[in-house]
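Notes for the one structure printed next.
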Amino acid sequence: MLIRYVRLSALLLLVAACSSSESDAGEGTDDGDDRDATTQADGSVSSEDASDNADASSPDASDASDASDAEDAGDAEDAGDAEDAGDAGDAGECTNGATLECYGGPGGTVGIGLCKAGTRTCKNGVWEACTGEVRPAPETCDGFDNDCDGVIDNGVKNACGGCNVLGSAPGAVCENCGTVACNGTEAIVCVPPPVLPGTACTALNGCNGSNVCGANNTVSCVATEQRNACNVCGPAVEGLNVACTAANGCGGTTACSPNGLSTVCVAAEQRNACGVCGAAVEGLNVACTAANGCGGTTACSPDGLSAICVASEQRNACGVCGAAVEGLNVACTAANGCGGTTACSANGLGTVCVAAEQRNACGVCGAAVEGLNLPCMAANGCAGTTTCSPDGLSAICVALEQRNECGVCGAPVEGLNASCPAANGCAGTTTCSPDGLSAICVAAEERNACGVCGGPAIVGAVDDACTAADGCEGALACNALGTALECNAPAKNACGVCGGPAVTGVGNACTNAEGCGGQLACNTDGTGTECKSTLTKNECGVCGGPPVTGLGTACTTASSAPGTMACGADGTAVCTAHKVVISEFCGGTTASNTDEFVELYNPMPFDISIAGWVLQYKSATSTTSYSATYTLPAGAKIQSKGYYLIGGATYSGAVATDTRYPAAFDASASTTGGGHIRIGLPGLSTNITDAKTVDKLGYGTANSPEGSAAPSHPASGGSLERKAVATSTSATMAVGGADALRGNGYDTDDNSKDFVTRAARQPQNSSSPTESP
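Heads up: the sequence shown begins at 23 in our numbering, then just goes up one per residue.
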C-alpha cells in the first residue's frame, strides 16, 4: 500500500509537469512560480501546485512525464524504505513542510480497530519516512481489535468469554457424574448432579438400592437386594410347597415364615387325644363295661383312632363272674340278623344267640373293615381320610379338601381377576400366586423413563447436558407430568449468575464502611452485595458534609471563654470551651497533711493550655470565700485525653508532679468532714460562685458541691477518683479493673454520681499514657 501511495503521488507530479511544459513551452512564462506545492485532504500533492515544483527545462522532468517511467521509478523504490518514490527525483520534488498520508498495511484495514495511517513530511525537498502508522498485529485477548478485522478479541476468548485457559470445556463430564460449568468468565466449576452417587435409594423392585454413576454420566438407582419367593426384600427362600413333618409330628407342607425370610412346615392335621395324627378321639377315661362284660375304663384303641373299654376284672364263660352257663355255642340266628351261635345272655345268667359274624365298622355282616379314618391321597390328588365303601365291605379314601380356583389343594382363593395396584405402582389385575394359595397383583402396564405408568416414551436421556432459556447450563430432567424431558438448570440469581447463591436487597439502602448511606449493589463476582455510596465523611465525620477547616485552632466562645475550634453536632467547626475536670484528689496521709495532690484530666479532642489557671480550696462549711489559691505556672499544658498532676508541699508519690502548691494550700483529708476543690480560668476570684469556674469537687459534708457531695475522703492513702463511665465502680477503676484505662471523663455535674472512693491512690501526670473511654 505504501508503494501505491508513492507511485500515485509521483504519477500526479509527472503528469502535472508534462501538462505545464506543453502549455508554457513556447511562451516562456511561469504563472505558478510564486505558489508552493500543497498537500490535499487525501494526503497527495495537488496537480496545480505540483507543476510549479517541476523543472520544465530539465530533461529529467521530461523523461519523468512518461507514465511507465514513473511506474518504473516507483518500482525501483525499496518497499521497506522510509523514502517516497519521488525521492528518486530531484531534491526539489516536494515543498518543505508539506505532509502526505501513508499506510503500509493490507487494504481495507486502515481505520479499523487499532490500525491507522501515518504521515510523511517533506524536508529539504525530500519525503521523510512514514511515522505514526499502526498496522495489523496478531490478535490478543486485551479488549482491542489488534488484527483490524473489525472484531475485538476475535478467536482468542475462552468458552466462558474470558481470557484465561480453561481446564475443561463447559458441559464436559467431571467427577461423580458432575458437569463442568463456567464460574464467571475466567474459571470453571464442577456442578454435582441433583442426586449424588453412593447415596441410598429405593430401587424399582421396592427394595434397598444405591445411586450409581453410570453410562452417559447419569445417576440411577441399582437394587442391592431382590425380592425372594415370599415377595420380601432379602435372601432367597427355597423349598416351598414341599411335603414335610410338622412340629406336631404330622404331615404338612412347607410355606413362607411370618417374616418371609425362611420356610416353616404347616401341619395338614393334628394329633388326637391318643397321640395319633388323625380324627379326634372322644370319651376316654370314662367308666364302661368291658368286652367281657366286666366293669372297665375307656382307653385308646391300638390304632389310636378310637376309644375301647378295657376290663377291670375277668368273667366266666359268659363273661360274668358268676355261675356257669350251659347251651353255649349252638348255631342260631342272632339278633343282628346274622348267623350265630348261642352264647351267654346279656347278664351272663343265661344264653342268647350270638351272631357268628358281626356287622363290621361299616354296619355290614361280614369281614371287618380296617384302616378307616386314616390319612390318604384322594382321587382328586388332595389329602383325604379312609371311610366305608358304598357296600360296607372295604375302605375308600374320601378327600378332606378340594382343589381351589388356582388348581391347588387348599382353601379357596378369592379376589382373582380384580383391579389392583402392582408392585411397580401401576395398575394391575389379581391372579394366582406361585403356590396357588393366594392372589397376587400383576402389573398391566410399565412405567416410562420418567416413572409414569403407561406414560409416553421419553425422547432423550435424563441428565444429558442442556442450556435453559436464560442461558444457564443444566441437565435434562422429567417434567412435572413425567411425559417429556425439560432443561433443569440452576436459575440466575439477582446478580445474573447462573446457580449463584441467593442475593437479596439489591437497591436497598445501606451504610458503607465509613458509615455513610448508599445502596446495595452486586459485588464483582455476583455472589453477594456490597454497599456503594458516593458520600464520604468530612473532617467532622459527617457523610456528605461540607469541608471543615480551622479545627484545633484557638478561639473565644460566645461567653468570652477561651476555646478551640472543634466539630459541632451538625458536623461544622464551632468554638468549643475548654473543659478540664478534676479526675483524682487526695487530701493527705497520716505521714503528712500536705502529702496530697489534685489530678486534672482533659476529655477534649484537643490539647488545652492551662497556664495561669487557678486551683482553689474551701472548707466544707465556709459560706464566704475560698481560702487557698494556687496559680498554675506559665507553659502549663494538658494534652487531649491526658493528665496534669498538681502535688502538695510534701507530696511523696512515685509519679512525679507537674507542679506543686505551697504548704499553705492544705486540703482536708478528714474521713468525717469534707471540703471543696475547684479549678478555674485565669482571673478566678475567691467568691463562692464565679463564672470562670471550670470544674469543682465537693466531698463529704461540703455545703456547695456540684449537685450532691461526693463520698467522704477515704482512710489515709486513699483518694476520690472520677468515673470513666456511668457504670464504673471502685473495683472497675482499680488497677486491673475493667475501667482502669478508660480515662476519667464521666461528668454529670453531680459529684455524688461522678466520683468513687479508692483505697489506694493512683495519681497520673502529663507523661502518663493518654486514656479514652
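Virtual Cβ for every residue (Gly too), placed ideally from N, Cα, C.
Check	Outcome
For residue 300 and residue 320, believed in contact at Cβ under 8 Å, the rounded distance	Incorrect: roughly 17 Å between the Cβ atoms, too far for contact.
Beta strand (DSSP E) runs contained entirely in the region 370 to 453, provided each spans 3 or more residues	373 to 377, 397 to 399, 405 to 410, 417 to 421, 441 to 443
Beta strand (DSSP E) segment containing residue 364, residue limits	361 to 366
Pairwise C-alpha distance: residue 471 and residue 448	14 Å
CA nearest to the CA of residue 21, picked from 350, 766, 415	Since the first residue of the chain shown is 23 and the last is 795, residue 21 is not available in this structure.
Range covered by the beta strand (DSSP E) that runs through residue 321	317 to 322
Whether residue 363 touches residue 351 by CB criterion (8 Å)	yes
At least three beta-carbon pairs within less than 8 Å, the region 668 to 684 to the region 590 to 598	no
Buried or exposed (CB count within 10 angstroms, at least 16 for buried), residue 461	buried
Spatial distance of residue 621 from residue 750 (CA atoms)	18 Å
Rounded C-alpha distance that separates residue 316 from residue 284	56 Å
CB-CB length for residue 215 against residue 497, believed under 8 Å	7 Å
C-beta atoms of residue 154 and residue 115 nearer than 8 Å	no
Environment of residue 152 [buried if 16+ CB atoms lie within 10 Å]	buried
Assigned exposure category for residue 8 - 16 Cβ within 10 Å defines buried	Any property of residue 8 remains undetermined from this structure, which presents the chain solely from 23 to 795.
Reduced DSSP category for residue 791 - H, G, I as helix; E, B as strand; rest coil	coil
Beta-bridge partners of residue 578, as assigned by DSSP	584
Burial state of residue 638, where buried means 16 or more other Cβ atoms lie within 10 Å	buried
Beta-bridge partners of residue 474, as assigned by DSSP	Answer is none; residue 474 lacks a bridge partner.
8 Å contact criterion, which residue 243 and residue 225 should meet: CB distance rounded	5 Å
Contact the region 689 to 708 vs the region 640 to 653: 3+ CB pairs below 8 Å	yes
Collapsed DSSP secondary structure at residue 501 in the structure displayed	coil
For residue 513 and residue 491, the rounded distance between their alpha carbons	10 Å
Collapsed DSSP secondary structure at residue 302 in the structure displayed	coil
Where residue 717 falls, given that 16 or more other Cβ within 10 Å makes a residue buried	buried
Residue 789 classed as buried or exposed, judged by whether at least 16 other C-beta atoms fall within 10 angstroms	exposed
Classification of residue 279 by the beta-carbon crowding that lies within 10 angstroms, buried from 16 upward	exposed
Beta-bridge pairing of residue 514 - partner residues as DSSP gives them	520
Own chain residues within Cβ distance below 6 Å of residue 450, not counting five before or after	442, 444, 463, 464, 465, 466
Separation of residue 358 from residue 376, as counted between CA atoms	9 Å
Own chain partners of residue 523 with C-beta closer than 6 Å, once the 5 adjacent residues on each side are dropped	549
Rounded C-alpha distance that separates residue 477 from residue 269	51 Å
Residue 468 CB to nearest heavy atom of the ligand MG below 7 Å	With respect to the ligand MG, the structure offers nothing, as it holds no ligand at all.
Sequence-distant residues of its chain with Cβ nearer than 7 Å to residue 177 (five each side left out)	161
Per-residue burial, residue 734 [other beta carbons within 10 Å of its own, 16 or more giving buried]	buried
Run of the alpha helix (DSSP H) containing residue 776, from where it starts to where it stops	773 to 776
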